[in-house]
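Just so you know, the UniProt record's numbering puts 33 at position 33 of the sequence shown, and the rest follows in order with no gaps.
Glycine included, C-beta positions come from ideal geometry on N, C-alpha and C.
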Amino acid sequence: MWAIVAVTLHLLAGPDVYVITDAGTFETKEACEAEIAKSVPAKLEGAALEEYKAGSRGYMCIKAIEPK
Numbered sequence: 001m002w003a004i005v006a007v008t009l010h011l012l013a014g015p016d017v018y019v020i021t022d023a024g025t026f027e028t029k030e031a032c033e034a035e036i037a038k039s040v041p042a043k044l045e046g047a048a049l050e051e052y053k054a055g056s057r058g059y060m061c062i063k064a065i066e067p068k
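Okay, structure coming up:
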C-alpha cells in the first residue's frame, strides 16, 4: 500500500511530514505518483501553492510498513 505524504522543512522547528488522507491509498507507486501529477498543484491554493512553487513544500509517495 502506498500513500502520499507532504513534507515541509522549517529551519528552527525541523521537518513537518503528514499523510494526505483525502487522496486515499494506492496499490502501486506508479498509481500514487500519477495522483500527485494529476492533483498537485491543481488542488493547492494560497500559501500552500506558493510554498510548492518555491520548492519548500514537496509531495512524495511512501510505502506503508505492514504489521509483522
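key: Where Ile4 falls: helix, strand or coil (DSSP)   = strand
request  = Return the Cβ separation of Ala3 and Ala64 in integer angstroms, given the expectation that the two are a contact with Cβ distance under 8 Å.
outcome  = 6 Å
message = Can you look up Leu44 in the DSSP assignment and give me helix, strand or coil?
response = coil
query = Candidates Gly58, Glu35 and Ala54: which alpha carbon is nearest Thr25's?
reply = Glu35
request  = Could you have a look at Thr21 and say whether DSSP puts it in helix, strand or coil?
outcome  = helix
ask   = Just how far apart, CA to CA, sit Glu27 and Met1?
value = 5 Å
task = Kindly indicate the opening and closing residues of the beta strand (DSSP E) around Ile62.
result = Looking at the DSSP string, the run of the beta strand (DSSP E) that includes Ile62 is Arg57 to Lys63.
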